[in-house]
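Start counting the sequence shown at 126; every next residue gets the next number (our numbering). Data block below; observations after.
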Amino acid sequence: MKTEIFPMGEEHLDSLAELEKICFSQPWSRQALADELENDSAFFFVAETDGEVSGYVGLIITAGQSYITNIAVFPKFRRMGIAKMLFERLFSIAEKCDLEFISLEVRPSNYNAISLYKSLGFEEIGLRKRFYRNPTEDALIMTKTFWRNGIYE
């Protein structure tokens, strides 16, 4: 199987809206995804495996802050390194933009995601109480730091 990473385009939106419904209790709509195509502060990438949309990731950089808005992989494509490939694309953006860090939120009950994030260098830095709904749950805030003492890691 061959997986490639592309910038998100109009042609991906239907598949990504479906993926959102599968993965999240508060999914982004097709229109919300489409709006990001016009957002100069947004970097969204799609993984295609053998020509089929297999996952995606979104990064927003605004007011000196950078955070991952979405990361999702279709169930049949999980455990194939696709999420890691998507993160690596974001890390290359971080380097080009001289970002100090990237943050994300994750449900504390999502052990698989937390394990992946830690393996990629993210650290737990805080908690947002009652952040998620359906079911209500806190959000664990995780950050990957790129600059330490003026040195890019």
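Backbone N, C-alpha and C define an ideal beta-carbon position, used for all residues, glycine too. If you're wondering where the values come from, they're calculated on a predicted model, not measured in any experiment.
Query, Result
"So, with DSSP's three-state summary, where would you put P136?", "The question names Pro, but residue 136 is Glu in the sequence shown. DSSP places E136 in helix when its eight states are reduced to three."
"Between the Cα of I185 and those of L162, L138, I239, spot the shortest distance and give me the residue it belongs to.", "L162"
"So, for L241: in the same chain, excluding its five sequence neighbours on each side, which residues have a beta-carbon less than 7 Å away from its beta-carbon?", "A208"
"To the nearest angstrom, how far is the alpha carbon of A188 from that of D175?", "37 Å"
"Measuring straight from C-alpha to C-alpha, what distance separates M133 and A219?", "17 Å"
"Entirely within the stretch 178 to 266 and at least 3 residues each: give me those beta strand (DSSP E) ranges in chain order.", "190 to 198, 226 to 231, 248 to 257"
"Is K146 helix, strand or coil by DSSP?", "helix"
"Is DSSP giving E173 helix, strand or coil here?", "strand"
"Near F247, which residues of its chain fall below 6 Å by C-beta distance, leaving aside the five closest residues on each side in sequence?", "M267, K269"
"Rounded C-beta distance between R214 and I130? I'm assuming under 8 Å.", "5 Å"
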